[in-house]
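**Q** In our numbering, the protein residues as written are 5 to 484.
1. Starting from residue 2 and walking both ways along the beta strand (DSSP E), at which residues does that stretch end?
2. Suppose the cutoff is 7 Å on Cβ atoms and the five residues either side in sequence are ignored; what does the same chain contact list for residue 350 look like?
3. Taking residue 98 as the reference, give the member of 121, 64, 111, 90 with the closest Cα.
4. Which same chain residues, not among the five before or five after residue 339, have their C-beta less than 6 Å away from its C-beta?
5. Just curious, the beta strand (DSSP E) that residue 303 is in, first and last residue?
6. Let's test the definition: count the other Cβ atoms within 10 Å of the Cβ of residue 195 and tell me whether it reaches 16, buried, or not, exposed.
7. Name the DSSP bridge partner or partners of residue 431?
8. How big is the Cα-Cα spacing for residue 435 and residue 107?
9. Just to confirm my understanding: we take residue 363, look at its own chain, exclude 5 residues before and 5 after, and list those with CB closer than 6 Å. What are they?
10. In this structure, does DSSP put residue 121 in helix, strand or coil?
11. Figure out for me which residue from 287, 308, 257, 464 has the closest Cα to the Cα of residue 274.
12. Could you tell me whether the region 428 to 443 touches the region 220 to 237, using the rule of 3 or more Cβ pairs below 8 Å?
13. Under 8 Å, with one C-beta from each stretch per pair, do the region 466 to 478 and the region 400 to 415 reach the 3-pair mark?
14. Look up residue 376 in the DSSP assignment and say whether it is helix, strand or coil.
15. Got a sec? Which residues, its chain only, sit under 7 Å from residue 335 by beta carbon, not counting five neighbours each side?
16. Note the first and the last residue of the continuous beta strand (DSSP E) segment covering residue 319.
17. How long is the line joining the alpha carbons of residue 227 and residue 240, rounded to whole angstroms?
18. Is residue 453 helix, strand or coil by DSSP?
19. Could you please give me the residues that DSSP links to residue 97 through a beta bridge?
20. Are there 16 or more other CB atoms within 10 angstroms of the CB of residue 200, so buried, or fewer, so exposed?
21. Measure the alpha-carbon distance for residue 217 versus residue 356 and round it to whole angstroms.
22. Given 6 Å as the limit, tell me if residue 271 has its C-beta closer than that to any heavy atom belonging to the ligand ADP.
23. Tell me residue 281's beta-bridge partners as DSSP assigns them.
24. Closer than 8 Å is the cut-off here; do at least three beta carbon pairs connect the region 278 to 287 with the region 449 to 457?
25. CA-CA distance, residue 429 and residue 394?
26. By the three-class DSSP mapping on this structure, what secondary structure does residue 135 have?
27. Beta-carbon separation of residue 317 and residue 287 under 7 Å?
28. Going by the CB atoms, is the gap between residue 306 and residue 270 shorter than 7 Å?
29. Helix, strand or coil, according to DSSP, for residue 30 in the structure here?
30. Quick one: what does DSSP say residue 127 is sitting in, helix, strand or coil?
31. Can you look up residue 370 in the DSSP assignment and give me helix, strand or coil?
32. Quick one, are the C-beta atoms of residue 398 and residue 484 less than 7 Å apart?
33. Take residue 265 and list the residues in its own chain whose beta-carbon comes closer than 8 Å to its own, dropping the five residues that flank it on each side.
34. To the nearest angstrom, report how far apart residue 391 and residue 297 are at their CA atoms.
35. At which residues does the alpha helix (DSSP H) containing residue 210 begin and terminate?
Below, the structure is given as C-alpha cells:
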C-alpha cells in the first residue's frame, strides 16, 4: 500500500507506463489510493474474473447448458410449477453478488407447448446447497424456485412492500388441471382468460360445497375452465313446451307387489351398457334414449346390445344433432325411421352427417313412448323395477363440478324448472351415515361424459324431493 505522506511523490512511478490507461485519476488522496489499488490488481486479473457487482458477458452455449441443467433439476421428481424447456438463448451475463448471478435472455416452452420470451436469473451460492432460479416471462407471473431434494415453487408477490413466497393456490391448481386434462391454449392471452374463468369456477365450487345438503364433493373436472354457456353446449336438452307436448301416452304404472326393495341396480342385471362419451356435442338427448332402449331390449330379450346415437344425429330431422334435442322427438324419429342399428354398424362421430340408415340392419323398433307421472318418485321406482332404466331430464348445474357422493344441492342452485341435460336412471339405493344421524336415499344416474367424470361416469342424486327436477321429465320407449 502507498503511504499518505508519500503519495504525491510515488504517484508518477506507480502510473509510469500506464498514463494512457489511467487518464481519469481523481485529485483526492483517498480516491487516488483506492483507484490505484483497484487498477494495480486489475492488471493481474484473468479475463474470466468479475469484479463484485460488475456485469460480464457470458458465453451463450455455456449459459444454455447451465439453464438446461437447472430446469432439469427443477423438473425431476416434481409436478409443481411450470416445466420449461429451452428453445433459444439470445444473450447472457454474469455478476458477482454474494455468489454468482447469471442472467439469461431466452425463449422457453412450457408444458402446454406455449412459447415465452423470458429473463431467467440463476443465483448460485457455493456455501448453500440450493440454487435459486427466477423466471420473468412476458405476460406471465414472476416465479421463483429452488432446486434441491424437494422442489418448492412460489409465485412472487408484493404486498405492503413485503415479498411473499406463498404459491398462488389457484394458479397451481390450474397448472395441474392443464396437465391432467391435456389442455393446450393457442396463446398466452387465451390461457389468462381461461385462468380467470377457472378462478370464478373455483368460487362456484366453494359455494356448492358450502351449501351441499347431501354427501357430494364438488371440485375440478374437465369443465373447470369453461363458462356456463360453454358448459351448456356439452349438455343439449331442449326445454319441453308442455302446452305443445304430444305423442307420449301416460304410463300405466302397475302397483309393485310387496315392499319395494331398499336398493336396486340394473347394472347388476346386465341391462346397462358401458358409459359412453358424447364429447363436444350437445347430444345428451340421443344418449338418454339409446340407453333407455338398450335397457328395455336387454330386459325383454336377455341380450345386452349397444344401439346407435349417430343414427339419431343424422336421421332425426326434428332435433338438431349437436345443437340439442328432446327425448320425445327421438322416440318419434325412431318409430318413423324404422328402428335403430347397432353402434358398431353406425358408430358415433360427435357431429351431424348425412343419414345412411339401412332398414335391413335395424335390430329394434319402437311403437311410441310413455310419460311417467311428474313429481312421483315412487312411480319411478315401480316402473324401474318392472320395466328397466328410465330416460329423464335433469338440471345439470351441480354436475359440472361433481366428483362423487350423494348430490343434494339447494333448490336455489338447482331448480327443477330448468332441465337442460338428458340422462338415464339405472337404479337407486340408500347411504347411511350413523355418526351424523343421516340417511341419504339416492338415484343412480348414468351420464354420457365418459368414465373419468363423477363416479366412473355415474351420478348419485338425492331421491325423495325431486332434486334438480329428477322426476319432472321421466319417459320410456315402448318396444315393438
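Glycine residues also receive a C-beta, built at the ideal position from the N, C-alpha and C atoms. These numbers were taken from a predicted model, which means no experiment stands behind them.
**A** So, from the listed chains and residues:
1. There is simply no residue 2 to check, as the chain begins at 5 and stops at 484 in what is shown.
2. Cβ contact annotation for residue 350 (same chain, cutoff 7 Å, sequence separation greater than five): 312, 314, 315, in chain order.
3. Of all alpha-carbon atoms in 121, 64, 111, 90, the one lying nearest the alpha-carbon of residue 98 is that of 64.
4. 370
5. No beta strand (DSSP E) contains residue 303, which is instead part of the alpha helix (DSSP H) from 288 to 305.
6. buried
7. Looking at the DSSP output, residue 431 shares a beta bridge with 269, 448.
8. 60 Å
9. 342
10. strand
11. 308
12. no
13. yes
14. coil
15. 293, 370, 372, 373, 481
16. Not the beta strand (DSSP E): residue 319 falls in the alpha helix (DSSP H), residues 314 to 319.
17. 15 Å
18. strand
19. 61, 107
20. exposed
21. 40 Å
22. Among the components of this structure there are no ligands whatsoever, and the ligand ADP is therefore not found.
23. 453
24. yes
25. 5 Å
26. strand
27. Cβ atoms of residue 317 and residue 287: closer than 7 Å.
28. no
29. With a pLDDT of only 43 at residue 30, under the threshold of 50, the placement of this residue in the model should not be trusted, and no figure is reported.
30. Strand.
31. strand
32. no
33. 389
34. 11 Å
35. 192 to 215
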